Amino acid sequence: GGPGDTFFAVVDGVIQHVRADGTMSAWSTAQINVALFAYTHDGRMIGTDPFGTKVLELHPDTSTTTLLDGRTMIYDLVVAEDGTIYFSDFLVEELVELAPDGSYRVLTSIAPDNAELALDSESNLYLNSAASGFVQVDRTNGAITPRGAPNAPCPVIPSPAVTVFFSWVASEITWADLDT
7 GGPGDTFFAV
17 VDGVIQHVRA
27 DGTMSAWSTA
37 QINVALFAYT
47 HDGRMIGTDP
57 FGTKVLELHP
67 DTSTTTLLDG
77 RTMIYDLVVA
87 EDGTIYFSDF
97 LVEELVELAP
107 DGSYRVLTSI
117 APDNAELALD
127 SESNLYLNSA
137 ASGFVQVDRT
147 NGAITPRGAP
157 NAPCPVIPSP
167 AVTVFFSWVA
177 SEITWADLDT
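Going from the sequence shown to our numbering is simple: count from 1 and add 6.
And the structure:
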């Protein structure tokens, strides 16, 4: 996601700001070596190192600030409007919450597979995995509420009112309004 009707994508190793009209401009000044990244509501860019062991704040000059180190394999991450970062750590089977003050906690244990994350416009947290299915995760206590079967369409691009889902099984893209 990005400001307004825009998003960010990596093109030839450079993070590009893509606008609704299809035009792009470089966000980073050169290639930046990250595995994942997310644009925050306050204009920061958060990402992971290529090995998935660190959560980083990315800077346009390609420098980084380490926010958390020592994870095993971060598979996906999202950033809530309040600046809280959520990420799934594949190898230790955890969904982790990293607060803006740098403190962190394991929010819940997750199935040992690729857990994809999404937030809706109310900052409700969702997780999808082949083993767990599509679930909502309570941000206060980690409680899980089922929302869809395993291998259901996966959330991949959260936006203020709508989330795009991609089904690896059916190879199709659909839109869903998570706010209803």
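Built from N, CA and C at the ideal position, the CB exists for glycine as well. This structure is a prediction, so every number in the text was calculated from the model and none was measured.
Which listed residue (the options) has its alpha carbon closest to that of residue i
{"i": "residue 137", "options": "107, 88, 99", "result": "99"}
{"i": "residue 121", "options": "86, 90, 101, 43", "result": "101"}
{"i": "residue 40", "options": "29, 46, 59", "result": "59"}
{"i": "residue 27", "options": "13, 82, 96, 133", "result": "13"}
{"i": "residue 90", "options": "110, 78, 79, 82", "result": "110"}
{"i": "residue 124", "options": "108, 42, 85", "result": "85"}
Three-state secondary structure (DSSP) of residue i
{"i": "residue 62", "result": "strand"}
{"i": "residue 57", "result": "coil"}
{"i": "residue 85", "result": "strand"}
{"i": "residue 153", "result": "strand"}
{"i": "residue 139", "result": "strand"}
{"i": "residue 79", "result": "coil"}
{"i": "residue 72", "result": "strand"}
{"i": "residue 52", "result": "strand"}
Alpha carbon of residue i to alpha carbon of residue j, nearest angstrom
{"i": "residue 71", "j": "residue 63", "result": "5 angstroms"}
{"i": "residue 160", "j": "residue 93", "result": "Residue placement at residue 160 is poorly supported in this model, since its pLDDT is 49, which falls under 50; the coordinates still yield a value, given next. Cα-Cα distance, rounded: 16 angstroms."}
{"i": "residue 88", "j": "residue 106", "result": "8 angstroms"}
{"i": "residue 50", "j": "residue 57", "result": "21 angstroms"}
{"i": "residue 75", "j": "residue 154", "result": "33 angstroms"}
{"i": "residue 130", "j": "residue 24", "result": "26 angstroms"}
{"i": "residue 68", "j": "residue 152", "result": "39 angstroms"}
{"i": "residue 31", "j": "residue 16", "result": "11 angstroms"}
{"i": "residue 35", "j": "residue 29", "result": "17 angstroms"}
{"i": "residue 52", "j": "residue 83", "result": "9 angstroms"}
{"i": "residue 146", "j": "residue 115", "result": "14 angstroms"}
Beta-bridge partners of residue i, as assigned by DSSP
{"i": "residue 37", "result": "Residue 37 is not bridged to any residue."}
{"i": "residue 103", "result": "92, 111"}
{"i": "residue 122", "result": "134"}
{"i": "residue 31", "result": "23"}
{"i": "residue 17", "result": "20"}
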